[in-house]
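Undergrad: Input: one structure, supplied below.
In our numbering, the protein residues as written are 8 to 307.
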């Protein structure tokens with residue numbers, strides 16, 4: 008009887024249901040994260056244990072021009088890709104929310120870039136950007152717009168643009184489908200009332216769609232920024248950080264220094280350096296949502 012009474016307690020029952028998930032997070036997330044932070048304060052190499060060296064890895068990275076370039080690349084890559092993913096994703100969501108023929112089929116097609124494994128997407132773009140066999144260069148040459156093939160991945164600025172385009176192509180479906188789900192929760196009666204009052208399409212979007220969609224936008228773009236900031240597979244398959252470290256992100260540089268380079272401590276320090284930026288993105292979204300009390304039935 009006593010055990011049954013304990014199980015009737017919603018708080019206790021909730022904790023019991025959370026225990027398996029908490030155990031998985033502890034084993035597969037908390038422990039690796041803690042180990043990575045610890046290694047960042049050591050001079051560990053592959054094949055031997057490291058000794059505690061304090062902040063020496065971070066002091067070295069502070070003066071390392073390649074690391075500083077990777078930080079710039081990471082922020083540039085994340086900012087530009089996220090802006091384009093949001094703009095294109097919102098436009099696509101608004102389009103798919105209209106009464107279109109074969110709407111279900113179109114939505115399934117839109118999801119394909121996100122469903123395809125990242126490595127396969129990267130290999131496809133690697134062929135698209137190939138200096139000799141690029142379909143883009145071939146089409147532009149046939150149209151008479153260029154006279155020689157474009158070296159997409161062989162020069163710093165074209166390589167940066169090319170990797171951003173690949174990331175945007177892969178990330179837009181996630182943003183679009185999530186925002187589409189948010190759009191479908193908005194009551195049509197609000198738009199009908201606004202139309203009766205003489206509101207234009209832009210005014211309906213500005214004063215109805217955008218405010219009611221803002222909590223979804225905050226959550227979706229937080230995930231988008233986190234995924235983009237920590238992107239590894241796409242960059243590694245396409246450029247491996249080249250040319251001349253122009254596309255190295257903090258994630259790819261961390262892997263390069265730790266695994267092929269053997270400097271586990273230095274690689275762990277680079278990875279740990281990403282944590283404050285990721286926490287800042289999460290907290291920005293969290294406190295932004297906290298201000299929108301109306302979504303919980305209260306006031307702003």
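Glycine included, each C-beta is placed from N, C-alpha and C at the ideal position.
Judging by CA-CA distance, which residue of 168, 150, 136 and 44 is the nearest neighbour of residue 157?
TA: Nearest option by C-alpha distance: 136.
Undergrad: Since residue 111 is in the alpha helix (DSSP H), which residue starts that stretch and which ends it?
TA: Unbroken alpha helix (DSSP H) run through residue 111: 110 to 122.
Undergrad: Run through the DSSP bridge pairs and tell me what residue 52 is partnered with.
TA: DSSP, once it has assigned bridges, lists 55 as partnering residue 52.
Undergrad: Going by alpha carbons, who is nearest to residue 177 out of 231, 249, 250 and 57?
TA: Looking at the Cα atoms, 231 is the closest of the given residues.
Undergrad: Among residues of its own chain, excluding the 5 on either side of residue 114, which ones have a beta-carbon nearer than 8 Å to its beta-carbon?
TA: The residues are 103, 184 and 187.
Undergrad: Mind checking whether residue 285 and residue 236 have CB atoms under 9 Å apart?
TA: In this structure, residue 236 lies closer than 9 Å to residue 285 by Cβ.
Undergrad: Between residue 58 and the rest of its own chain, which residues show a CB-CB distance below 8 Å, the 5 nearest in sequence each way excluded?
TA: Taken in chain order, the residues that qualify are 49 and 50.
Undergrad: If you compare alpha carbons, which of 233, 270 and 246 is closest to residue 282?
TA: Among 233, 270 and 246, the Cα nearest to that of residue 282 is on 233.
Undergrad: If residue 175 and residue 91 are in contact, beta carbons under 8 Å, what's the gap, nearest whole angstrom?
TA: About 5 Å; that satisfies the 8 Å criterion.
Undergrad: Quick one: grab the DSSP three-state call for residue 214.
TA: The answer is helix: DSSP assigns residue 214 an H, G or I state.
Undergrad: In whole angstroms, give me the CA-to-CA distance for residue 196 and residue 110.
TA: When rounded, the distance between both Cα atoms is 22 Å.
Undergrad: Check each candidate in 252, 287 and 43 and name the one with the smallest Cα separation from residue 71.
TA: Taking only the C-alpha atoms, the option nearest residue 71 is 252.
Undergrad: Could you check which residue in 44, 255 and 162 has the C-alpha nearest to that of residue 81?
TA: Ranking the options by Cα distance to residue 81, first place goes to 255.
Undergrad: Kindly indicate the opening and closing residues of the alpha helix (DSSP H) around residue 142.
TA: Looking at the DSSP string, the run of the alpha helix (DSSP H) that includes residue 142 is 142 to 149.
Undergrad: What residue range does the alpha helix (DSSP H) around residue 257 cover?
TA: Residues 257 to 265.
Undergrad: Using the Cα positions of residue 28 and residue 180, report the straight-line distance between them to the nearest angstrom.
TA: In a straight line, the C-alpha of residue 28 is about 28 Å away from that of residue 180.
Undergrad: Tell me whether residue 284 sits in a helix, a strand or coil according to DSSP, three-state version.
TA: Note: residue 284 maps to helix in three-state DSSP.
Undergrad: Quick one: give me the first and last residue of the alpha helix (DSSP H) that residue 195 is part of.
TA: From DSSP, the alpha helix (DSSP H) with residue 195 extends over 195 to 203.
Undergrad: Could you spell out where the alpha helix (DSSP H) holding residue 96 opens and where it closes?
TA: Run containing residue 96: 72 to 103, per the alpha helix (DSSP H) assignment.
Undergrad: Do residue 101 and residue 190 count as a contact pair if the criterion is CB distance below 9 Å?
TA: For residue 190 and residue 101, yes; Cβs fall inside 9 Å.
Undergrad: Does DSSP put residue 167 in a helix, in a strand, or in coil?
TA: Reduced to three states, the DSSP call for residue 167 is helix.
Undergrad: Secondary structure at residue 62, three-state DSSP: helix, strand or coil?
TA: Looking at residue 62 - three-state DSSP - the assignment turns out to be coil, as it is neither helix nor strand.
Undergrad: Relative to the alpha-carbon of residue 217, which residue among 205, 146 and 198 has its alpha-carbon at the smallest distance?
TA: Taking only the C-alpha atoms, the option nearest residue 217 is 198.
Undergrad: Decide if the region 144 to 152 is in contact with the region 165 to 174; the criterion is three or more beta carbon pairs, one per stretch, under 8 Å apart.
TA: No: the two stretches stay apart, fewer than three of their Cβ pairs being nearer than 8 Å.
Undergrad: Give the secondary structure of residue 186 by DSSP, where H, G and I count as helix, E and B as strand, and everything else as coil.
TA: If DSSP states are grouped into helix, strand and coil, residue 186 belongs with the helices.
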